[in-house]
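Here this note's numbering is used: the sequence shown runs in plain steps of one and ends on residue 506. Positions of the beta carbon are idealized from the N, C-alpha and C atoms, including for glycine. Working notes, beginning with the structure itself.
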Amino acid sequence: MGMFDEVTIKCPKCGEENIEQSKAGECLLIPYTVDSCPDEVFEDIILNCPISCLKCKYDITARDIIISMYPRLRIFSFDIWAAVY
Ligand SMILES: [Zn+2]
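Below, the structure is given as C-alpha cells:
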C-alpha cells in the first residue's frame, strides 16, 4: 500500500477544504496545510494545479493557493503576480 501525505487546500470560491495527496515528501500520512507542508510537498501540489474543488468544481490554481497564503497580497493587481511568476 502506497504512503502519502495529505494537504488541505481551501477552495477560494466556496470554502470547501479539499484534501490533496502527495508522495513527494516523507509520506508519513501527515496532515498538512499549504502553510505548514515541507517545500517538496508544496512544490508537488503546485505542479498538480489546477485542483478541481470537490464541492463546486472550481479549478483551484497555483495562484489561488499562493494568494491564500498571503492574504495581504490580495490588494495588489494581477500585474504584480505576472511579475512574480
Ligand atoms: Zn469550491
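E438 has its CB no nearer than 7 angstroms to any heavy atom of ligand 1. E461: member of the alpha helix (DSSP H) spanning 460 to 468, first to last residue. The alpha carbon of D426 has as its nearest neighbour, out of T454, D485, L468, E437, the alpha carbon of T454. Per DSSP, reduced to three states, the secondary structure at D480 is strand. Secondary structure of I488 (DSSP, three-state): helix. According to the DSSP assignment, I430 belongs to the beta strand (DSSP E) that extends over 426 to 431.
For E438 and C474, the gap between their C-alpha atoms comes out near 8 angstroms. For K444, the Cβ stays outside the 7 angstroms cut-off from all heavy atoms of ligand 1.
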